[in-house]
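Trainee: If you scroll down you'll find the structure; I have some questions about it.
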Amino acid sequence: MASWGKCFDPNGARHGIPTYPWRCAPSGLATRRQLRARGLRPGGQPVAGQILRPRYRRGPLVAYLYRLDRALPVRPMTPGRRRALECAMKARRTCPKCRTDAGYVIPQSLGVCVPCAYPGDQ
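Here's what the structure looks like:
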């Protein structure tokens, strides 16, 4: 198990890039989710650091950090992208067996809508 001391490497000597423990990243750096919450995206910049969160009996969780000053605004949703997203979501809701819109995303574990997966339970 990685200890907190192994997760602190601000110079990048051990891990190759600056590494910080969970919730201890310096200001000016943010994860992809944090950038998205601010309406930003990495914009092709290289990874500026990483956060490691140790876990019991497994490798640590890794979150990459990007510089806020080099982040770009999120691209706006265009009508073409909106249509493509709607088509993709419709395909995820359509049952391949009965070809009806289930009204929910078909679970990958079933592969078909619930009435087709369990026909005797209806």
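In my numbering, the protein residues as written are 92 to 213.
Idealized CB from N, CA, C, for every residue including glycine.
Predicted model only: the values in this text are computed from it and were never measured.
Mapping DSSP to helix, strand and coil, what is residue 173?
Mentor: Residue state, collapsed to three classes: helix.
Trainee: For residue 93, which residues of its own chain have a beta-carbon under 6 Å away from its beta-carbon, when the five flanking residues on both sides are left out?
Mentor: Reliability of the predicted coordinates at residue 93 is poor, the pLDDT of 46 falling under 50, and the value obtained from them is presented with this limitation in mind. Result list for residue 93: 145, 151, in chain order.
Trainee: Report all residues from its chain with a CB closer than 6 Å to the CB of residue 106; omit the five preceding and five following residues, and keep chain order.
Mentor: Same-chain partners within the cutoff: 100.
Trainee: Under the DSSP definition of a beta bridge, which residues are partnered with residue 185?
Mentor: Residue 185 pairs with 192.
Trainee: Classify residue 157: buried if its beta carbon has 16 or more other beta carbons within 10 angstroms, exposed otherwise.
Mentor: With 16 or more Cβ atoms within 10 Å of its Cβ, residue 157 is classed as buried.
Trainee: Quick check on residue 211: does DSSP put it in helix, strand or coil?
Mentor: Helix at residue 211.
Trainee: Report the rounded CA-to-CA distance for residue 104 versus residue 163, giving the unit in angstroms.
Mentor: Taking the straight line joining both Cα atoms gives about 29 Å.
Trainee: Check each candidate in 194, 122, 199, 201 and name the one with the smallest Cα separation from residue 153.
Mentor: The candidate whose alpha carbon is nearest that of residue 153 is 122.
Trainee: Judging by CA-CA distance, which residue of 118, 130, 147, 184 is the nearest neighbour of residue 165?
Mentor: Out of 118, 130, 147, 184, 130 has the C-alpha closest to the C-alpha of residue 165.
Trainee: Round the Cβ separation of residue 112 and residue 143 to the nearest angstrom and send it over; I've been treating them as touching at under 8 Å.
Mentor: Confirmed, about 7 Å.
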